[in-house]
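Peer 1: Using our numbering, read the sequence shown as starting at 120 and increasing by one per residue.
Just so it is clear, CB atoms sit at the ideal spot from N, CA and C, and this is done for glycine as well.
I'd like to ask you about the structure that follows.
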Amino acid sequence: MLKKAFDKEEDGDVLISGGRSPRPRDAATLILVRRDGAQPRVLMGKRAGGSAFMPDKYVFPGGRVDPHDGKAIAWDELRPEVEAKLRIQSRRNPRAFALTAIRETFEETGLIVGRSAEMPAAGPAGWEEFHALDVAPDLSPLVFIGRAVTPPYRPRRFDARFFMAEAELALIDERPPVDGAELSDLQWVTLADAMKLDLPSVTRFMLGEIGERLEKPSAPLSPPFLRWTRTGHQTDRL
């Protein structure tokens, strides 16, 4: 399964011939799950065809960690057990990953993971629109469910942390997602329908993790860590 999660043809990426492998950039993704129907649904959108990374693929909202993300004021912080998992084999402040996932979800879908609050007039770079709504991001609903590093010799590489959150608990209201420049065809889809979309294989892998967590909510599942080593593909549980 791990080998498929890094298959270059499924991801639509091209290997770089020669030269040094790009250093992975920290990134974060948020998988919102709705439970108000007969089956759980997740929010997915289609990346723009002109994107340099995974064009035309269906993905969850997310993106690169910005330098100022960790400085954003939050309504509530990560739960201790989530923070502890994020600290494993990482030097970055764990809250930065969660804040990135929330900011990127807002920028790409218009959905707000947060609570109404009287916010200061000035905020960290990249958070101006969020602050203007008098909303504070809420980190407490986020669950860390996996980490994956893009293989070496790809033109762009990311060290991505994947979060899951219950939409009914995390979102500030019931507004619909809005298509933007980065993601279009935003839709809430069942896990079975999501698997029929044109997905990056790492996204498909994480959908499997979501399915297992929804099927066995009391099972003690540790986040998988997918990456490359000198001996090839490797997966561990953090």
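If you measure between the beta carbons of Pro256 and Gly242, is that distance less than 8 angstroms?
Peer 2: It is not a contact, given that the beta carbons lie outside the stated cut-off.
Peer 1: So Ile192 packs on Met238, CB below 8 angstroms; how close in whole Å?
Peer 2: Correct: roughly 7 angstroms between the Cβ atoms.
Peer 1: Tell me, to the nearest whole angstrom, how far the beta carbon of Asp278 is from that of Arg144; I am working on the premise that it is less than 8 angstroms.
Peer 2: Between Arg144 and Asp278 the Cβ distance is about 7 angstroms, and since that is below 8 angstroms, they are a contact.
Peer 1: Report the rounded CA-to-CA distance for Phe216 versus Arg280, giving the unit in angstroms.
Peer 2: Cα to Cα, the separation comes out at about 7 angstroms.
Peer 1: Between the alpha carbons of Thr354 and Gly229, how many angstroms are there, rounded?
Peer 2: Going by the C-alpha atoms only, they are around 34 angstroms apart.
Peer 1: Between the C-alpha atoms of Ile264 and Lys204, what's the straight-line distance to the nearest angstrom?
Peer 2: If I take the Cα positions, the gap works out to 10 angstroms.
Peer 1: By the three-class DSSP mapping on this structure, what secondary structure does Thr228 have?
Peer 2: It is helical.
Peer 1: On the three-state DSSP scale, how would you describe Val297?
Peer 2: Of the three classes helix, strand and coil, the one that applies to Val297 here is coil, per DSSP.
Peer 1: For Met163, name the three-state secondary structure that DSSP assigns.
Peer 2: If DSSP states are grouped into helix, strand and coil, Met163 belongs with the strands.
Peer 1: For the stretch 174-182 against the stretch 319-335, are there 3 or more C-beta pairs whose distance is under 8 angstroms?
Peer 2: Contact between the stretch 174-182 and the stretch 319-335 is present, because at least three Cβ pairs lie under 8 angstroms.
Peer 1: What residues are listed by DSSP as bridge partners for Val268?
Peer 2: Paired residue(s): Asp278.
Peer 1: To the nearest angstrom, how far is it from the Cα of Pro295 to the Cα of Arg222?
Peer 2: Cα to Cα, the separation comes out at about 17 angstroms.
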